[in-house]
Amino acid sequence: MSLRRKTAFDLLDNRTQCFVREGTDGKVHIRGDTEMLEGGKVRVRPIVQQPCWDFESFQQKLVKGLAQRATGSSSAHDESSRTHAFLQLEIVNQSLIDARNALFDRQSELVPVGKLATDIMVEEETKSIIRGPDGKWVPNPDYQKDQTRIDTIEAEKARCEARVSDAEGDIDAIIKSSPTPCLGAKMMFVDLAGAEYYEANESRSQASKQTPQDRQESRQINSDLLALKEVMRAWSRSQKRIPFRSSTLTMILREHFTSSDKGNSTIIVTVSPAAEQFAATLNSLKYASLIGAVKT
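All you need for my numbering is the position in the sequence shown, starting with 1, plus 15.
Spelled out as structure tokens, the structure:
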């Protein structure tokens, strides 16, 4: 996946736009478009996840995905990455994949039932009250709430919710019972877009190379990196409020930070030995040093 100007794209699906949303479970979900299926079922597809059972197939898909990244000009060079790129690897087996597909199917069943339950509840509540002479809402003497109708749809909703919970339990059971303790383990690789570091006396000729769109992207990249810096700083100081919502970049990395007690974080910095790049190099090293303060 790549992130460009707050918009996410699925690199394994020909740069199809995807969406970063915070769910009711408090977790950040990256998903594709919503699909309408037969019988009123609604399915929110995750971004493309492709199983790779050997290194060759993994390498081919990785190269194909990276080729979809956008590049542009910057103050440093003419072929600068203008996107943040994310690659998440997870150790899976076929049983785990099948169980997750079953979960998606059951979630798609729950959506229309949950919506219908809400619609019926609102309809019955609306019919059961009227506005009195004084403008206040009072019980409607001419309508008796159909509790049987409400109970029936609520029972169906509970049945669907139980099926979803069972599917989630099946996934947990597969991971816990696996003879391989690393089943379900994840690795997140992030290639951050290059920061735009300007000297006070930077020549106008360098700045003139960039189009208005390039300059807007540069500002967004710097804004994202600043947000990540503030998250790392707040996390290292054990602050109660971590500003994950400051940018889409930090929202995507939220799970990594909140589960950092189970793993490690490493940052690789590209720097230049050239004297004219001294200030930019020093700035990059100072930024990278923040990862050492994060509790992992």
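Built from N, CA and C at the ideal position, the CB exists for glycine as well.
Would you say R60 and D69 are within 8 Å of each other, going by their C-beta atoms?
Taking a C-beta distance under 8 Å as the contact criterion, R60 and D69 do not qualify as a contact pair.
Decide if I283 is buried, meaning its Cβ has at least 16 other Cβ atoms within 10 Å, or exposed.
When all chains shown are included, I283 counts as exposed.
Would you grab the beta carbon distance between N155 and I145 for me? Rounded to a whole angstrom, and I think it's under 8 Å.
Contact holds; Cβ gap of about 5 Å.
Please determine whether the Cβ atom of R46 lies at a distance below 7 Å from any heavy atom of the ligand HEM.
Because no ligand of any kind appears in the structure shown, any question about the ligand HEM cannot be addressed here.
Since L264 and L102 should fall inside the 8 Å C-beta cutoff, what is the C-beta to C-beta distance between them, to a whole number of angstroms?
Your pair L264 and L102 does not check out as a contact, with CB atoms roughly 15 Å apart and the cut at 8 Å.
Based on Cα-Cα distance, which residue from N29, S238, E245 lies nearest to V78?
Nearest in C-alpha terms to V78, of all of N29, S238, E245, is N29.
Which residues DSSP lists as bridging A23, in chain order
Beta-bridge annotation (DSSP): A23 is paired with L18, C33.
In angstroms, rounded to a whole number, what distance separates the CA positions of R230 and T98?
Approximately 14 Å, taken between the alpha carbons.
With three or more C-beta pairs closer than 8 Å as the rule, is the segment 160-177 touching the segment 118-133?
Inter-segment contact for the segment 118-133 and the segment 160-177 is present: three or more beta-carbon pairs are separated by less than 8 Å.
Name the one or two DSSP bridge partners that D134 has.
According to DSSP, which records beta bridges pairwise, D134 is partnered with nothing at all.
Distance check for S96 and A295, CA to CA, integer angstroms please.
Distance between the alpha carbons of A295 and S96 is about 17 Å.
Terminal residues of the continuous beta strand (DSSP E) containing G47?
G47 -> beta strand (DSSP E) spans 43-51.
Under DSSP, the beta strand (DSSP E) around F259 begins and ends at which residues?
Per DSSP, F259 lies in no beta strand (DSSP E) and is assigned neither H nor E.
Among the candidates K56, E71, V43, Q83, whose CA atom is the shortest distance from the CA of M16?
Of the candidates K56, E71, V43, Q83, Q83 places its Cα closest to the Cα of M16.
What three-state label does DSSP hand D206 in the structure shown?
Strand.
Would you kindly report the start and end of the unbroken alpha helix (DSSP H) that includes Q231?
Annotation for Q231: the continuous alpha helix (DSSP H) segment containing it runs 227-251.
Can you name the residues that DSSP bridges to K201?
For K201, DSSP records a beta bridge to E105.
Over the uninterrupted beta strand (DSSP E) stretch that includes V59, give me the two end residues.
Element bounds for V59: 57-61.
Report all residues from its chain with a CB closer than 6 Å to the CB of R269; omit the five preceding and five following residues, and keep chain order.
Cβ within range, chain order: V43, F259.
Extent of the continuous beta strand (DSSP E) to which V153 belongs:
In this chain, the beta strand (DSSP E) harbouring V153 covers 152-154.
What residue range is occupied by the uninterrupted beta strand (DSSP E) comprising R146?
Segment 144-146, the beta strand (DSSP E) holding R146.
Taking the C-alpha atoms as reference points, what is the distance between I106 and D113?
Taking the straight line from one Cα to the other gives about 14 Å.
May I have the straight-line CA-CA distance separating N216 from G199, to the nearest angstrom?
Because N216 carries a pLDDT of 44, less than 50, the predicted location of this residue cannot be relied on, and no value is offered for it.
Using the rule of at least 16 other Cβ atoms within 10 Å of the residue's Cβ for burial, across every protein chain shown, is A134 buried or exposed?
Residue 134 is actually Asp in this sequence, not Ala. With fewer than 16 Cβ atoms within 10 Å of its Cβ, D134 is classed as exposed.
In the structure shown, what three-state DSSP assignment does A100 receive?
When secondary structure is reduced to three states using DSSP, A100 falls in the strand class.
Could you work out which residue in I306, E291, C33 is closest to L240 when comparing CA atoms only?
It is I306 whose Cα lies nearest to the Cα of L240.
Could you tell me the boundaries of the alpha helix (DSSP H) in which E291 lies?
Note, E291: premise wrong, no alpha helix (DSSP H); not H, not E.
H271 to P148 span [Cα, whole Å]
Each residue's alpha carbon lies about 57 Å from the other.
So C67 is in the alpha helix (DSSP H); what residue range does that whole segment cover?
Segment: none, C67 is in no alpha helix (DSSP H) and carries neither H nor E.
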